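> Below you will find the structure I want to go over with you.
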Amino acid sequence: MRFWVTAAAMASASPAAFAVDYLSADQAAQLIFPEADHWDSSTLALDAAQLQALDAAGAKGRSARWELRTARKAGALLGWVLLDNVVGKYELISYAVGLDREGAIRGVEILSYRESHGSEIRLPAWRKQFVGKNASAPLRVGSDIANISGATLSCSHVTDGIRRIVQAVDVARRGQPAWAR
């Protein structure tokens, strides 16, 4: 008996069949803050007023909570790594954003990519565009972040997610939470 796979069957295959896990959250955190000797895990949780401030900053809150890891060296605060997911075209893209204690992006790591196309967002040159940007940067594809042909939705959605995280940390830090000290 022969088995034939038609183009229609291939096209209807779930994009999740292409899922690749690149890094764990711990591995990403270590890459972003290799000098850290201690990590605290907590949650960045925004209240209603903070969500309104986030919305006013142009980064509509899709969630009010993010997993947060605080990086320290000899007790001194280095910064934070936040974990998030966004939808690419059909499937989730998991990523980590590292921010220094001033709120500037220190690094972006793609943890899992589940789409059949667009994984080029994992390339160091694309992710490096974010480094040094903070809440005052536009963080918009076509403005200060380049698009990748064939990965337009992935580029846009991950960039939007990173902007949301940077703004959320900026809004939350104003209240001087324990994790920000």
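All the letters of the sequence shown, read from the start, carry residue numbers -19 to -1, 1 to 162 under mature numbering (1 follows the signal peptide of the UniProt record, and there is no 0).
Each residue gets a CB set at the ideal place from its N, CA and C atoms; glycine is no exception.
The structure presented is a predicted model; accordingly, all values stated were derived computationally and were not measured.
(1) In terms of residues, what are the limits of the alpha helix (DSSP H) holding Glu107?
(2) Using beta-carbon positions only, say whether Trp20 and Arg46 come within less than 8 Å of one another.
(3) Identify which residue in Glu83, Ile146 and Ser130 has its Cα closest to the Cα of Ser100.
(4) Identify whether Ser22 lies in helix, strand or coil by the three-state DSSP scheme.
(5) Provide the residue(s) that pair with Ser75 in DSSP beta bridges, ordered along the chain.
(6) Within 10 angstroms of its Cβ, does Leu27 collect 16 or more other Cβ (buried), or is it exposed?
(7) Please name the residue in Ala57, Phe111, Glu48 and Ser5 whose C-alpha comes closest to that of Arg87.
(8) Just tell me which of Ala106, Ser97, Arg155 and Lys41 has its CA closest to the CA of Val1.
(9) Can you check whether the CB of Ala85 is closer than 8 Å to the CB of Lys114?
(10) May I ask you to verify whether the segment 30 to 37 touches the segment 52 to 68, counting CB pairs closer than 8 Å and requiring at least 3?
(11) In three-state DSSP terms, what is Asp125?
(12) How is the alpha helix (DSSP H) around Ala37 delimited, first residue to last?
(13) Taking Leu59 as the reference, which of Gly69, Glu16 and Arg108 has the closest Cα?
(14) If we call anything under 8 Å between Cβ atoms a contact, is Gln148 one with Ala40?
(15) Please state the DSSP three-state secondary structure of Leu134.
Checking against the coordinates, here is how it stands:
(1) Note that residue 107 is Trp in the sequence shown here, rather than Glu. Per DSSP, Trp107 belongs to the alpha helix (DSSP H) from Pro105 to Lys109.
(2) no
(3) Ser130
(4) strand
(5) Asn66 and Ser93
(6) buried
(7) Phe111
(8) Ser97
(9) yes
(10) no
(11) coil
(12) Ala29 to Ala37
(13) Glu16
(14) yes
(15) helix
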